[in-house]
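Notes follow once the structure below has been shown.
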Amino acid sequence: MTGLKLGQTQSDLPSPNPTSSYWHREPRLQGHRTTAELPAKTDVVIVGAGITGAFAARFLSGAGRDVVLLEAREVGWGATGRNGGHCQPNIYASKPHIAAFELRNYHFLRETVRAERVPCDWVSAPGVHAFYSRDLVSLAAERLERLAELHPSLAEAARLVTDRPALERLGVPAALGAVVQEYAASLWPYKLVAWVLEDLLLRRSSGAGGFNLQTGTPAVDIQRHGGSWIVHTPRGQIAAGSVLVAANGYTSRVIPRFTDVIVPVRGQVASLAPAWRVDSPLSHTYVFLGQWGSASMDDYLVQAAGGSRELVYGGGRTLGTGKGWGISSDEKVDPVVAAHLRRNLNDVLGTPGGGDGGGEDEDKEMPASYEWTGIMGYSADAHPWVGELPPSLVGGPGVFVCGGYTGHGMPVAALSARAVADMMCGGDGGGDDLLPPEFRVTEERIERVRAGERLSVEDYEELICPF
């Protein structure tokens, strides 16, 4: 029996006492264990019950595979239940074929929510990327011009706005320019994942079979034994024909040799009651980019649906301790980042007392109902990792990974999960028409990264646009 050697800097297991997220106000499936004991064996073990693990389980179960889904804490308790509530493809900022993939992912999610009436507060609304640095406005203009020449159908989904009246109508009068993307949405991601898993459990109870959810059950090691993989947990072990690690920022805890390939990075979000009156709901979702003071800004905003209409605002990571780099604990909030999130909307939105002229409320903080952190998985080369790991890396065939979204998981995770599920069933992931080749796991790609061709925290700051 060959065990995987632990590295020195890989992620810890998910924290047992994480901060409380706004999205977890209505918990579902807490403490769920489909069976009192772990099954002795199964076709597939999936590690991680976030959006990737949930959709992978849906696709694999639909293909007739028996699936056991392990979650260290609760369903959707990682990045999926701690993000900013966005699903927004980067039309102008990504390579065209990746932008097209992200658009397909967006339409897939939107159609799934519509067709199956998923109660996850999905609201389609244009996305505004507001720029607070002139070089970003120029760079966006160059990108859009190039896109119009080579991929006019994609270019139709994004436009650059620079005149002041139009920026005021978009709600960002303090910005120097903005790209408006037609396809964007806000949603309650935790509710989407909970619905997917509840639907799988319902199908199981009606005789469809093949799915077993085990929360409070971290995977602490995987080992090759004979023709199977043995997944070890504090509650026992399971033998499986194949394993999918869908743990994103926690990937290196399960696959130690992915240390520095997918790096845990802590982000922070707050739900805010605006200090200024909102007469009607925000009609857009927002990303704020540029140099703000001494730090790079990459912040994001949606307004929650429902009665509260709170503003869910995330970012400020570069102001925090170590810029969040290499941190895998979500037990605390960073006070400096928290202060930024409570104050900065007055500036970037140009609200009364903010960056469009100042006023008596200039430094007034918005009260926060929830402030929380979450762990993202930053990829060493800025692209997700989707596919089977080389046997030389883990000791045999049959271990797959899907993660490393670098803070941009909602526009790519669901179809990445479909691609990896297809690979696990003997397919090719749908070909490059479905999955960008940059996302695919290859031995050469891993070796390049492990040989030192990987991005540092400083590199990510330069790519913060990210174009």
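Going by UniProt numbering, 193 is the number at position 193 of the sequence shown; the sequence numbering is gapless. Heads up, the beta-carbon is just placed ideally off N, CA and C, and yes, glycines get one too.
Query	Result
Within its chain, find whatever has a CB closer than 8 angstroms to the CB of TYR132; leave out the 5 residues flanking it on each side and keep chain order.	ALA174, ALA175, LEU176, PHE288, LEU289, GLY290, GLN291, TRP292, MET297, VAL348
Note down the Cα distance separating THR80 from VAL386, rounded to an integer number of angstroms.	18 angstroms
Assuming ALA115 and VAL172 form a contact by the criterion Cβ under 8 angstroms, report the distance between their Cβ atoms to the nearest whole angstrom.	Not confirmed; about 34 angstroms, so no contact.
Could you please give the first and the last residue of the uninterrupted alpha helix (DSSP H) stretch that includes TYR378?	Segment 368–379 is the beta strand (DSSP E) holding TYR378; no alpha helix (DSSP H) there.
Hey, would you say LEU200 sits closer than 8 angstroms to ARG73, going by beta carbons?	no
Suppose only complete runs of 3+ residues qualify. What are the beta strand (DSSP E) ranges in the region 62–90, listed by chain order?	67–70
If we count Cβ pairs, one from each stretch, closer than 8 angstroms, do we get three or more for the region 92–105 versus the region 141–156?	yes
Let's test the definition: count the other Cβ atoms within 10 Å of the Cβ of ASP12 and tell me whether it reaches 16, buried, or not, exposed.	exposed
In chain order, which continuous runs of the beta strand (DSSP E) of length 3 or greater are located wholly inside the region 235–267?	236–245
Given that a residue counts as buried once 16 or more other Cβ atoms are within 10 Å of its Cβ, and exposed if not, what is GLN30?	exposed
I need the straight-line Cα distance from MET366 to LEU170, nearest angstrom please.	21 angstroms
Using 8 angstroms as the threshold, is the C-beta distance between ASN212 and THR52 below it?	no
Given PRO384, which residues of its chain have a CB within under 7 angstroms of its CB, disregarding the five upstream and five downstream residues?	GLY403, GLY404, TYR405, VAL412, SER416, PHE439
Quick check: is any heavy atom of the ligand FAD less than 7 angstroms from the C-beta of HIS284?	Inclusion of the ligand FAD in the displayed structure is not the case, the ligand content being empty and no account of it being possible.
Using a 10 Å radius around the Cβ and a threshold of 16 neighbouring Cβ atoms, would you call GLU447 buried or exposed?	exposed
Whole angstroms is fine: what's the gap from PRO27's alpha carbon to HIS151's?	43 angstroms
Could I get the ranges of all uninterrupted beta strand (DSSP E) runs contained in the region 163–212, with 3 residues as the minimum, in chain order?	177–181
Between the alpha carbons of ALA421 and ALA273, how many angstroms are there, rounded?	41 angstroms
Buried or exposed: SER21, going by 16 or more other Cβ atoms within 10 Å of its Cβ?	buried
Is it right to say THR373 is buried, meaning 16 or more other beta carbons lie within 10 angstroms of its own, or is it exposed?	buried
Would you call LEU345 buried or exposed, if buried means 16 or more other Cβ atoms sit within 10 Å of its Cβ?	buried
Figure out for me which residue from LYS364, GLY396, ILE46, ALA158 has the closest Cα to the Cα of TYR183.	ALA158
Rounded to a whole number of angstroms, what is the C-alpha to C-alpha distance between GLY430 and ALA419?	6 angstroms
Among all the DSSP beta bridges, which residues are the ones paired with ALA158?	GLN181
So the candidates are TRP77, LEU187, SER61; which of them puts its Cα closest to the Cα of residue 517?	Within the shown structure, residues of the chain are numbered from 1 to 467, placing residue 517 beyond reach of any answer.
To the nearest angstrom, how far is the alpha carbon of ARG253 from that of PRO189?	24 angstroms
Is HIS225 buried or exposed, if buried means 16 or more other CB atoms sit within 10 Å of its CB?	exposed
What's the gap between the Cα of VAL47 and the Cα of GLU168?	46 angstroms
Name the DSSP beta bridge partners of VAL231, please?	ILE222, ILE238
As a quick exercise: from LEU434, GLY396, GLY427, pick the residue whose alpha carbon is nearest that of ALA414.	LEU434
Look at LEU319 and LEU311 and say whether their C-beta atoms are less than 8 angstroms apart.	no
In three-state DSSP terms, what is TYR405?	coil
Within 10 Å of its beta-carbon, does SER138 have 16 or more other beta-carbons around it, so buried, or fewer, so exposed?	exposed
So if DSSP puts SER11 in a beta bridge, which residue, or which two residues, is it bridged to?	According to DSSP, SER11 bridges with nothing at all.
Mark ASN17 as exposed unless 16 or more other C-beta atoms lie within 10 angstroms of its C-beta, in which case mark it buried.	exposed
Does the beta-carbon distance from ARG33 to GLN237 come in below 8 angstroms?	no
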